Amino acid sequence: MTTTPEAQAAEPHVADRHDLISVQGARENNLRDVSVEIPKRRLTVFTGVSGSGKSSLVFSTIAAESQRMINETYSAFLQGFMPTMARPDVDRLDGLTTAIIVNQERMGANPRSTVGTATDANALLRILFSRLGQPHVGSPQAFSFNVASASGAGAVTFERGGQTVKERREFTVTGGMCPRCEGLGRVTDIDRSELYDENLSLSQNPFTIPGYSTDGWFGRIFAGSGFFDVDKPIKDYSAAEMDALLHKPPTKIKVEGINLTYEGLIPKLQKSMLSKDREAMQPHIRAFVDRAVTFTPCPDCGGTRLNEAARSSRIGDLSIADACALQISDLAAWVRDLQEPSVAPLLSTLTEILDSFVEIGLGYLSLERSAGSLSGGESQRTKMIRHLGSALTDVTYVFDEPTIGLHPHDIQRMNDLLLRLRDKGNTVLVVEHKPETIAVADRVVDLGPGAGSAGGTVCFEGTVEGLRRSGTLTGRHLDDRARLKDAVRTPTGALEIRGARQNNLRDVDVDIPLGVLTVVTGVAGSGKSSLIHGNLAKREGVVVVDQTAIKGSRRSNPATYTGLLEPVRKAFAKANGVKPALFSPNSEGACPTCNGAGVVYTELGVMETVATPCEECGGKRFQASVLEYRLGGRDISEVLAMAVSEAAEFFAAGEARTPAAAEILRRMADVGLHYLTLGQPLTTLSGGERQRLKLATQMAGKGTVYVLDEPTTGLHLADVEQLLALLDRLVDAGRSVVVIEHHQAVMAHADWVVDLGPGAGHDGGLVVFQGPPSALVADRSTLTGQHLAAYVGA
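For the sequence shown, my numbering assigns the number 532 to the initial residue and increments by one for each residue that follows.
Structure follows, in structure tokens:
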């Protein structure tokens, strides 16, 4: 570890050990007995190449132990409903405070969740309209699309005069939910031909819905319901039979002496599939829904989710539905103009929240925007809104690359918010690669020197200036600046986009050149993704590589996802004269005790479920007999424990030479994933790692146009140059590459830039520049041009 005398002298004064978070002997994942002291109430940035151990130290050790200890303060009963949290592999942790993790995970699959409900903004608006709205329609819940109106009667038990009294009382609930769409804002029209083959009978398994089959109990319920002749083709059903098949509400039936519930296909689909957010669906379910279901705005509420009463109440010219549909920057101005002393504190708090959205670069959103539709960066910044107005102090806030998705113009505003959290007396820990954010740190902890097994140590602790002089990989690259190309490629054609009007796009016409590297840029919310994903994604030959989650379980890993395990299994089988299935932990070779999971889960009733390494296989996942078979002196578990770089050498030559495996590993190394282990669970990968893994897989395909969405996400400064070389190789091989990106190094390296803006939301949606990057710098008329000019020193 390197700490210069100048860095030590510049350290904030530490009064005593209570002003430090002390980590001693951390060994989580690839950490190698890391010990570090982090000053409280300061902004500390953790740097290092991807896979160096930053997240293992910050999230898997410090934040995880803080949350685990808080969970232990709850009763055993409550702990039984909480996720299992094992103690991190660390000798000692001192000085922890409550940790709040603000990460890039999307905000859930609940279709009822919006930007407004995910923060306090909607709740405050409902109170505002219940106080000032005319005509007056009721309490705040009368403006909630998640509360239905209802009336009835029920028994109420209470105490009167020392005696328990039970009375029957009538009740009325006045909610704002639209009764037709039940507060979802949309209704569905289902294509029956996508649900079944009408020429077949129930006995012939006619259903084409994923997971629906008349084999097993599903078929017994239909056959035993008595509603159908199971041997009659569906096309010959009477009106009553068709109604029972499609629409019958849950009905108790008895089949083979067992009480069961029959339900028609459409209400069953509504509950099992259509109630979920589309982005959270598994790919095959999403494909079916896209095929079979048409979503249209509810004709009764116009997509606002609210009933007529809630929509009728207004403040000035706006209903609450109108307010939620406004761009947040416009809503903030409207709230600021309201002058009503009776709700002055409410208006002040609401204004603060809305202004925070604008400050954080999300002023282009609306409160009605579905939370599930936000990107990872937008989700993280929306979560920040919850904490900016918090009265809590001495909290540890943990951020995972908060600058993701931000234009250089917005990064300074993000830095200001991080410093505001610190200045309220909180400890702020940030995992980050952007030099603009590293520059504002009070303290930097640099991990490395490399990734995976080559990382896991603290290379430097100190100030930013000390990091520059430290000689570490991060220090050497901190001031790297790409230069503009001397010459750009000549396009071989163009993909035409005409009259694009998705989201905020304003009838955009633009040609995306072929045979070159095109970078599409602009501030967050300017319309970049709408333009490219909305108009190129489904064209023939276009391959979209984004950061969305990869389908798979904790058993899935890079070897299974890329198809690498197939040639590896065959190589092991050929070398040992046995079946390939033996070398899969999900097949015949699996350890019988843990079923190939490598860990055994023990249920302890209301206590936490405990995961322990399998004693039978020692966490290796395979039967002992399988581990006796070797290839190149290694067993299959040792191969899956290899990093990509090590495995690439292993399969390139000698006894283990397997060209098909070596080629897949070469592509993985090309996209900067050389440090990943082959058996690492996919659930542990970051968004940037997922995108690069997808790219490695797609590079072997027949795509002619590659669309990448912020491929620099999660990349260290030193790795950006490798990414640019990869993009060049793709273009030089005859492919066209379109990159949506904010990183100035990628912009400078482009052959052609399409810049959207001039602002975000309704202030964006136009192409404000198109041409080579040198012309963008010379022009300087756009925000992107100004920042790129400053970056290249022009």
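Backbone N, C-alpha and C define an ideal beta-carbon position, used for all residues, glycine too. If you're wondering where the values come from, they're calculated on a predicted model, not measured in any experiment.
DSSP three-state assignment for residue i, whether helix, strand or coil
i	result
A1172	coil
E1139	In this predicted model, E1139 has a pLDDT of only 45, less than 50, meaning its place in the structure is not dependable enough to derive any value.
P966	helix
T592	helix
R1311	coil
G979	strand
K1225	helix
Y1092	helix
A546	With a pLDDT of only 45 at A546, under 50, the local geometry of the prediction cannot be trusted, and the value read off the model is given with reservation. If DSSP states are grouped into helix, strand and coil, A546 belongs with coil.
R917	helix
T1214	helix
Q911	helix
L1255	helix
V1323	helix
G1265	coil
R1188	coil
G833	coil
R845	strand
P1116	coil
C990	strand
S897	strand
Cβ separation of residue i and residue j, assumed to be a contact under 8 angstroms, to the nearest whole Å
i	j	result
Q1033	S1061	4 angstroms
S1006	R1014	For clarity, residue 1006 is Gly in the given sequence; the question names Ser instead. Actually they are not in contact, since the Cβ atoms of G1006 and R1014 sit about 21 angstroms apart, beyond 8 angstroms.
T1023	L1009	That pair is no contact at about 38 angstroms.
G1129	P1111	Rounded, the Cβ-Cβ distance is 20 angstroms, inconsistent with contact.
V1170	L1196	Contact flag wrong, Cβ pair sits at about 11 angstroms.
T628	D925	6 angstroms
G1163	E1186	5 angstroms
V1284	G1302	7 angstroms
Buried or exposed by the 16-neighbour rule on C-beta atoms within 10 Å, applied to residue i
i	result
K965	buried
Q598	buried
T1315	buried
T1313	buried
L952	buried
P828	exposed
N730	exposed
T648	buried
V959	buried
F608	exposed
S1217	buried
V1326	Lying before the first or after the last residue shown, residue 1326 is absent from the chain, which here runs from 532 to 1325.
H1273	buried
I789	exposed
S921	exposed
E1241	buried
T1140	Because T1140 carries a pLDDT of 49, less than 50, the predicted location of this residue cannot be relied on, and the following value inherits that uncertainty. T1140 should be labelled exposed.
H1318	buried
P642	buried
The ligand FAD heavy atom lying under 7 angstroms from the CB of residue i
i	result
G956	For the ligand FAD, the structure offers nothing, since it holds no ligand at all.
- Task: List in chain order: all unbroken alpha helix (DSSP H) runs of 4+ residues lying wholly within the segment 633-714.
- Result: Qualifying alpha helix (DSSP H) stretches, in chain order: 646-649, 652-663.
- Query: Hey, is the segment 568-587 in contact with the segment 971-985, meaning 3+ C-beta pairs nearer than 8 angstroms?
  - Reply: Because the criterion of three Cβ pairs below 8 angstroms is met, the segment 568-587 and the segment 971-985 touch.
- Task: Inspect the CB distances between the segment 1241-1259 and the segment 1113-1130 and report whether three or more fall short of 8 angstroms.
- Result: The segment 1241-1259, when compared against the segment 1113-1130, does not touch it at the 8 angstroms Cβ threshold.
- Query: Should the segment 1286-1297 be regarded as contacting the segment 891-899, the criterion being three or more beta carbon pairs within less than 8 angstroms?
  - Reply: Yes, since at least three Cβ pairs between the segment 1286-1297 and the segment 891-899 fall closer than 8 angstroms, the two stretches touch.
- Message: Count Cβ pairs between the segment 1176-1192 and the segment 1200-1218 that sit closer than 8 angstroms; are there 3 or more?
- Response: The segment 1176-1192 vs the segment 1200-1218: in contact.
- Query: When the Cβ atoms of the segment 1230-1245 are set against those of the segment 986-993, are three or more pairs found closer than 8 angstroms?
  - Reply: In short, these stretches do not touch, since the Cβ pair count stays below three.
- Message: Quick check: the segment 935-943 against the segment 1052-1060, are at least 3 beta-carbon pairs closer than 8 angstroms?
- Response: Yes, the segment 1052-1060 is in contact with the segment 935-943.
- Query: With contact counted as at least three CB pairs below 8 angstroms, one residue from each stretch, are the segment 918-933 and the segment 1098-1113 in contact?
  - Reply: In short, these stretches do not touch, since the Cβ pair count stays below three.
- Query: Okay, do the segment 904-917 and the segment 623-636 touch, 3+ Cβ pairs below 8 angstroms being the bar?
  - Reply: Using a Cβ-Cβ distance cut-off of 8 angstroms, the segment 904-917 and the segment 623-636 are in contact, since at least three pairs of beta carbons, one from each stretch, lie closer than that value.
- Is it true that the segment 668-676 meets the segment 831-849, where meeting means three or more beta-carbon pairs spaced less than 8 angstroms apart? Touching, yes, given that three or more Cβ pairs across the two stretches are closer than 8 angstroms.
- Item | Whole beta strand (DSSP E) elements within the segment 550-590, 3-residue minimum | Runs found: 551-557, 565-570, 574-578.
- Message: Threshold first: 3 residues or longer. Then list the beta strand (DSSP E) segments lying entirely within the segment 718-797, N to C.
- Response: Runs found: 782-786, 789-793.
- Validate contact between the segment 697-706 and the segment 675-683 using beta carbons, cut 8 angstroms, 3 pairs: Per the Cβ contact rule, the segment 697-706 is in contact with the segment 675-683 (3 or more Cβ pairs under 8 angstroms).
- Message: Using 8 angstroms as the cut-off, can you tell me whether the segment 815-831 makes contact with the segment 756-764, which would need three or more C-beta pairs spanning the two stretches below that distance?
- Response: With a cut-off of 8 angstroms, the segment 756-764 and the segment 815-831 do not count as touching, because too few Cβ pairs lie within range.
- Cβ pair count under 8 angstroms reaching 3, the segment 1086-1094 against the segment 1257-1266: The segment 1086-1094, when compared against the segment 1257-1266, does not touch it at the 8 angstroms Cβ threshold.
- Query: Are the segment 878-886 and the segment 650-663 in contact at 8 angstroms, needing three or more beta carbon pairs?
  - Reply: Taking 8 angstroms as the limit for Cβ pairs, the verdict is that the segment 650-663 does touch the segment 878-886.
- Complete alpha helix (DSSP H) runs within the segment 926-955 (minimum length 4 residues, chain order): The segment 926-955 contains these whole alpha helix (DSSP H) runs: 939-954.
- For the segment 1285-1310, list the alpha helix (DSSP H) runs that are entirely contained and at least 4 residues long, ordered along the chain. Within the segment 1285-1310, the complete alpha helix (DSSP H) runs of at least 4 residues are 1304-1310.
- Segments assigned beta strand (DSSP E), at least 3 residues, entirely inside the segment 1005-1058: Unbroken beta strand (DSSP E) runs of no fewer than 3 residues, entirely contained in the segment 1005-1058, are found at 1024-1031, 1039-1045, 1048-1052, following chain order.
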